[in-house]
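J.: Just passing along the structure, written as structure tokens.
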Amino acid sequence: MQHSSIASRLLVATLFGALTLSAQQSAGPFTVAQANTGRDIYERVCAGCHGVDFEGSGDAPSLAGGTFLLKWRAKMVSELFGVILQSMLVAQRTASAKQIAASDYVITPKVSHIRWDQIRRADELIEAGYKAGNESAPAIRALIWPKSGTSG
Ligand code: HEC
Numbered sequence: 002m003q004h005s006s007i008a009s010r011l012l013v014a015t016l017f018g019a020l021t022l023s024a025q026q027s028a029g030p031f032t033v034a035q036a037n038t039g040r041d042i043y044e045r046v047c048a049g050c051h052g053v054d055f056e057g058s059g060d061a062p063s064l065a066g067g068t069f070l071l072k073w074r075a076k077m078v079s080e081l082f083g084v085i086l087q088s089m090l091v092a093q094r095t096a097s098a099k100q101i102a103a104s105d106y107v108i109t110p111k112v113s114h115i116r117w118d119q120i121r122r123a124d125e126l127i128e129a130g131y132k133a134g135n136e137s138a139p140a141i142r143a144l145i146w147p148k149s150g151t152s153g
């Protein structure tokens with residue numbers, strides 16, 4: 002479908018930083034590899050709500066077709082990019098909430114004081130993960146070997 006393909010190009014292009022959608026519409030603003038990566042991620046992360054063919058479902062709007070284009074055609078690609086980033090955060094939160102609910106034990110390093118984009122603080126993140134992992138070891142051991150308890 003024509004609209005679907007335009008929308009998917011927009012999504013893939015914005016997802017992978019090809020924010021420089023050039024004025025000439027004919028040349029693709031992204032590589033085949035980027036498009037494939039985008040499709041894989043969309044199917045894995047987004048399609049559950051927005052549909053495999055961008056048709057939408059429940060509260061999640063369609064990401065293709067007339068309504069979508071009516072809303073987004075006139076806007077900056079960077080605006081759409083912002084919405085997608087937000088969506089990904091929401092999706093990630095939803096996914097982790099499900100994973101946490103399905104887990105026997107959750108290790109929670111104390112890292113809330115570090116922002117997600119403070120990459121140069123990676124050492125602190127690793128250290129906090131190591132510490133929380135160590136502290137959780139007895140409880141995990143007790144889950145795996147209930148009889149030996151937390152003593153070993
Ligand atoms: C848990 C369900 C869910 C997942 C997963 C999800 N979304 Fe959404 N998305 C929504 C909902 C609900 C809205 C409407 C939010 C609103 O209107 O405030 C939305 C809105 C959007 C919009 C704005 C559409 C418009 O016309 O305003 C875009 C673009 C979008 N999502 C892209 C994505 C992408 C890309 C992904 C995957 C990386 C994704 N979404 C994953 C539920 C989801």
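Note that this note's numbering has the sequence shown beginning at 2, numbered continuously upward. Backbone N, C-alpha and C fix where the C-beta goes; we use that ideal spot for every residue, glycine too. Predicted model only: the values in this text are computed from it and were never measured.
Should the segment 86 to 97 be called in touch with the segment 46 to 57, which here means at least 3 C-beta pairs below 8 Å?
T.: Enough Cβ pairs lie closer than 8 Å, so yes.
J.: Is it buried or exposed, Leu-144, if we count other Cβ atoms within 10 angstroms and call 16 or more buried?
T.: Here the question's residue 144 lines up with position 143 in the sequence shown. Classification for Leu-144: exposed.
J.: Quick check: the Cα distance between Glu-128 and Arg-74, rounded to an integer number of angstroms?
T.: If you number the sequence shown from 1, residue 128 lands on position 127. If you number the sequence shown from 1, residue 74 lands on position 73. Cα to Cα, the separation comes out at about 46 Å.
J.: What's the gap between the Cα of Ile-101 and the Cα of Val-107?
T.: Counting from one through the sequence shown, the residue named residue 101 turns up at place 100. Counting from one through the sequence shown, the residue named residue 107 turns up at place 106. Cα-Cα distance, rounded: 7 Å.
J.: Spatial neighbours of Gly-52 within its chain, please: C-beta separation below 6 Å, excluding the five flanking residues on both sides.
T.: Taking the sequence shown and counting its residues from 1, one reaches residue 52 at position 51. Correct list, in chain order: Ser-58.
J.: Where does Ala-61 sit, in a helix, a strand or coil, going by DSSP?
T.: As a first step, residue 61 must be located in the sequence shown, where it is residue number 60. Reduced to three states, the DSSP call for Ala-61 is strand.
J.: Quick check on Pro-139: buried or exposed, where buried means 16 or more other Cβ atoms within 10 Å of its Cβ?
T.: Reading the sequence shown from its first residue, position 138 is the one you call residue 139. With fewer than 16 Cβ atoms within 10 Å of its Cβ, Pro-139 is classed as exposed.
J.: Using 7 Å as the cut-off, classify the Cβ of Ile-115 as near or not near the heavy atoms of the ligand HEC, replying yes or no.
T.: Here the question's residue 115 lines up with position 114 in the sequence shown. It does not: the Cβ of Ile-115 is nowhere closer than 7 Å to a heavy atom of the ligand HEC.
J.: With a 10 Å radius around its C-beta and 16 neighbouring C-beta atoms as the bar for buried, classify Gly-83 as buried or exposed.
T.: Locating residue 83 in the sequence shown gives position 82, where the first residue counts as 1. Exposed, because fewer than 16 other Cβ atoms sit within 10 Å of the Cβ of Gly-83.
J.: Hey, would you say the C-beta of Ile-108 is under 7 Å away from at least one heavy atom of the ligand HEC?
T.: One-based indexing of the sequence shown puts residue 108 at position 107. Every heavy atom of the ligand HEC is 7 Å or more from the Cβ of Ile-108, so no.
J.: What residues come near the ligand HEC, if near means a beta carbon less than 7 Å from any of its heavy atoms?
T.: Here the residues come out as Leu-12, Leu-16, Ile-42, Tyr-43, Val-46, Cys-47, Gly-49, Cys-50, His-51, Asp-60, Ala-61, Pro-62, Leu-64, Phe-69, Lys-72, Trp-73, Leu-81, Val-84, Ile-85, Ser-88, Met-89, Val-91, Ala-92, Thr-95.
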